[in-house]
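Scroll down for the structure; my scribbles are underneath it.
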Amino acid sequence: MVSPPEAREAEQVAILRQYAADHVIPGVQIASQGEHHVWHEDGSDHVFKLINQDRFGFVVDQENDNRANKLALRHAIPSEYLLRLGTQNVAFGDVITLQGIQAGRVPSIITAQPEVDQGRPSLEDIHAFFIQCGFMRLPDEMMMQQYSSKPFWYRPFDSIIIADANPENFSRVTDDIIVPIDLITHPMAVSLMHSTAAQNGVNLEKLIASYPFG
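Under my numbering, think of the first position of the sequence shown as 497, with each following residue one higher.
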């Protein structure tokens with residue numbers, strides 16, 4: 497029998513507490529909004545991130561709008577947050593590393609990530625990037641209404657889903673190259689994707705076959 501999410505989160509937080517310590521994060525804090533507090537030290541080519549608000553970020557899941565199940569964000573448990581980081585490394589060649597567990601009322605996961613900050617891309621640049629990487633924009637019908645301006649992207653061949661794909665979560669490396677730095681990226685059950693599509697009148701197979709992937 498699978499434990500409910502609340503029980504699994506409590507079990508995983510208890511494990512994190514066993515490895516938590518008081519860490520001094522190098523540098524100065526340069527951001528504190530969204531999912532992370534972010535620090536940077538002069539001369540370093542990395543930033544350090546501490547998960548924010550006693551939470552472990554978000555993942556994509558189903559939510560019911562009283563008519564059908566649609567895609568929406570929900571709070572992640574620790575293992576889901578770590579899976580997100582690993583998925584970003586594999587899918588986009590990032591090098592996010594686990595640095596430690598910060599002690600506190602709720603232990604926080606500390607990570608390091610290479611710093612790239614040459615400006616933000618446009619939405620058109622982001623859309624072109626995703627299509628080139630084999631992702632398709634999911635139709636609004638599959639998402640809860642509040643996400644229509646922040647669409648979800650899906651890569652069929654390995655069933656990876658992406659959310660929070662806003663310009664502030666990307667950086668330019670050069671004028672022609674952009675990289676994601678803080679996406680919600682993780683595997684999604686194929687059966688869940690197909691059931692969500694079917695409940696909302698979307699033929700996912702037909703959409704995949706007709707999509708202009710790069």
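By construction, the Cβ of each residue, glycine as well, lies at the ideal position given by its N, Cα and C atoms.
Beta-carbon gap between residue i and residue j smaller than 8 Å
i	j	result
Ala532	Leu512	In the sequence on display, residue 532 carries His and not Ala. It is not a contact, given that the beta carbons lie outside the stated cut-off.
Thr681	Ile658	yes
Met638	Asn696	yes
Glu620	Asp541	no
Ile674	Pro617	yes
Residue of the options minimising C-alpha distance to residue i
i	options	result
Thr692	Leu567, Glu537, Ala506, Tyr515	Leu567
Ala587	Phe666, Cys629, Asp557, Asn562	Cys629
Arg504	Gln558, Asp550, Glu576	Glu576
Asn548	Leu569, Asn662, Ile605, Ile627	Ile605
Leu494	Arg551, Gln695, Arg580, Phe554	A query on residue 494 cannot be resolved here, the shown segment of the chain reaching from 497 to 710 and no further.
His690	Leu569, Pro652, Ser618, Ile674	Pro652
Asp660	Gly553, Val543, His536, Glu537	Gly553
Gly539	Pro522, Gln529, Asp550	Pro522
As assigned by DSSP and simplified to three states, the class of residue i
i	result
Gln549	coil
Phe544	strand
His519	coil
Ser528	coil
Pro647	coil
Ala510	helix
Pro501	helix
Met638	helix
beta-carbon residue i near the ligand FMN non-hydrogen atom, thresh 7 Å
i	result
Ala506	The model depicted lacks the ligand FMN and carries no ligand whatsoever.
Where the alpha helix (DSSP H) containing residue i begins and where it ends
i	result
Leu688	686–695
Gly582	574–588
Asp621	619–628
Whole-number beta carbon distance between residue j and residue i, since they are thought to touch under 8 Å
i	j	result
Ser655	Val686	5 Å
Val555	Ala572	4 Å
Ala599	Ala516	4 Å
Val669	Gln614	6 Å
Cβ of residue i within 8 Å of any chain D Cβ
i	result
Leu578	Considering every chain present, this structure includes no chain D. It has just one protein chain.
Terminal residues of the beta strand (DSSP E) in which residue i lies
i	result
Leu594	593–598
Glu559	554–560
Ser655	Run containing Ser655: none; DSSP gives neither H nor E here.
Leu569	565–571
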